[in-house]
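For reference, the structure is listed below as structure tokens.
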Amino acid sequence: MSENTTFGPGLSRRRLLQYGGALGAAATSSFIGVRALAADTAEVSMQLGWLASNGILGEVCAKRLGYYAEEGIELNVTPGGPGVDGVASVAAGRAGVGQLSSSPSLMLARSAGIPVKAFAAGYQKHPFTYFSLADNPIRTPEDMVGKTIATQPTAVILLRALLALNGIPEDQVEVVKMGSDMNQLMTGQAQAVTGWMTNTNALKILGDGRVDMMLWDTGIQLYANVYYTTDQVLAEQADTLARFLSGSARGWGYARENPEEAVDHLVSEYRNLDRASELDAVGPVLGFSFDDTTATEGWAAMNPENWQKQIDVYSDLEQFKGDTPTVGDVMTTDVLAATESLRKQVG
159 MSENTTFGPG LSRRRLLQYG GALGAAATSS FIGVRALAAD TAEVSMQLGW
209 LASNGILGEV CAKRLGYYAE EGIELNVTPG GPGVDGVASV AAGRAGVGQL
259 SSSPSLMLAR SAGIPVKAFA AGYQKHPFTY FSLADNPIRT PEDMVGKTIA
309 TQPTAVILLR ALLALNGIPE DQVEVVKMGS DMNQLMTGQA QAVTGWMTNT
359 NALKILGDGR VDMMLWDTGI QLYANVYYTT DQVLAEQADT LARFLSGSAR
409 GWGYARENPE EAVDHLVSEY RNLDRASELD AVGPVLGFSF DDTTATEGWA
459 AMNPENWQKQ IDVYSDLEQF KGDTPTVGDV MTTDVLAATE SLRKQVG
């Protein structure tokens with residue numbers, strides 16, 4: 159996943175109108191994104207929030223190794239990217255499931271009246287991180303006071319949330335915008351820059367003197383690589399979702415046990431990806447996918463209390479332009495419960 163991810167505040171009127179049209183189309187789509195091919199096989203279209211990357215490492219393995227076929231699923235993956243509205247695609251029924259880079263995007267969509275809901279979380283901790291250098295390190299939120307922090311425009315809200323949660327006035331920190339590179343840190347224009355820990359290529363420029371402060375460790379605990387669908391698909395295609403998640407779990411389990419082979423599958427499927435870079439990244443990717451939580455609750459587990467904390471943070475910062483969603487609005491554990499035994503074996 160790219161670190162250039164939409165975290166941002168609310169949805170425009172134009173976007174709301176687009177969603178409205180998408181929902182109207184969904185009423186007559188007959189679930190194009192989840193379609194029966196035979197008595198025991200269902201075609202599932204999966205819409206990504208960004209370009210195809212190591213965030214679907216397990217899905218690629220499951221597809222190429224036949225795990226989906228064994229679960230009665232034929233998976234088609236549609237990449238996202240600039241100008242692609244993945245949530246609208248899922249809402250319209252063009253895709254049966256989607257994967258979002260960050261959980262706030264789903265909360266904001268739900269607040270805007272879009273009936274989408276998370277049913278699993280691929281990364282247990284969000285990889286978003288503040289990077290500094292050892293000669294002027296930022297290891298805690300308090301270390302940001304008096305410093306210049308460069309962050310992506312869509313991630314400014316995350317910095318505001320971090321400061322608010324840790325009792326730091328916003329005027330104590332200078333915020334400047336950045337793109338995808340780390341040059342502002344290397345040239346001294348900023349004392350910290352932001353990105354994803356899994357983007358190992360971009361991080362190489364920082365060298366061995368890099369100091370990491372993960373957003374998660376500051377108290378803003380978001381999920382990444384969130385799997386979601388519509389309320390209607392959840393109600394009418396629950397078994398298909400469970401079979402899809404079972405295949406994904408098996409694929410991620412294979413990747414965990416065979417990381418180098420998993421990378422080979424990934425770069426064979428997506429030839430624009432570089433094998434050496436993906437081998438560097440596979441450790442962090444698996445580290446965010448498996449941890450103490452998955453050891454007890456299984457791969458892709460989600461915590462309702464964690465979702466409530468996220469809702470509270472965004473509500474306090476007045477980010478919801480519509481009604482503040484409830485936990486039940488934004489997530490369900492039904493598909494997780496239906497796949498619990500297998501997911502715990504993998505986790």
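The sequence shown lines up with residues 159 to 505 when you count with our numbering.
In this text, a Cβ means the ideal position worked out from N, Cα and C, and glycines have one as well.
Is the separation between the beta-carbon of Val248 and that of Thr387 shorter than 8 Å? Closer than 8 Å, so yes.
Determine the direct distance from the alpha carbon of Asp366 to that of Gly256, and round the result to whole angstroms. Across the structure, Gly256 and Asp366 are spaced so that their CA atoms are roughly 36 Å apart.
Backbone secondary structure at Tyr225 - three-state DSSP: In the structure shown, Tyr225 sits in a helix (DSSP, three-state: H, G or I).
Buried/exposed call for Pro299, threshold 16 Cβ in 10 Å: Here Pro299 is buried. Its C-beta has 16 or more other C-beta atoms within 10 Å.
Give the list of continuous beta strand (DSSP E) stretches no shorter than 3 residues that lie fully inside the stretch 259-339. List check, beta strand (DSSP E) in window: 274-281, 286-291, 306-309, 332-335.
Please classify Lys362 as buried or exposed, where buried requires at least 16 neighbouring CB atoms within 10 angstroms. Exposed: under 16 other Cβ atoms inside 10 Å.
Just to confirm, is the Cβ distance from Val504 to Gly441 under 8 Å? With respect to Gly441, Val504 sits apart: the two C-beta atoms are not nearer than 8 Å.
What ranges does the alpha helix (DSSP H) occupy inside the stretch 342-423, keeping only unbroken runs of at least 4 residues that lie completely in it? Complete alpha helix (DSSP H) runs here, min 4: 358-361, 389-394, 396-415.
Consult DSSP for Ala220 and reduce its assignment to one of helix, strand or coil. Ala220 sits in a helix when the DSSP states are folded into three classes.
Starting from Ile214, follow the beta strand (DSSP E) in both directions and report where the run begins and ends. It is not in any beta strand (DSSP E) - Ile214 carries neither H nor E in the DSSP assignment.
Checking 8 Å against the spacing of the C-beta atoms, do Tyr281 and Ala382 come in under that value? Cβ distance < 8 Å, so Tyr281 and Ala382 count as in contact.
Strictly by DSSP, which residues pair up with Thr236? Paired residue(s): Gln205.
Excluding the 5 residues flanking Gly405 on each side, which residues of the same chain have their C-beta closer than 7 Å to its C-beta? Excluding five sequence positions before and after Gly405, the CB atoms of its chain that fall closer than 7 Å to its own CB belong to Ala220, Tyr225, Tyr226, Glu229, Ile231, given in chain order.
Contact defined as beta carbons within less than 8 Å: I believe Ala276 pairs with Val384. What is the distance between those atoms, to the nearest angstrom? Rounded, the Cβ-Cβ distance is 5 Å, consistent with contact.
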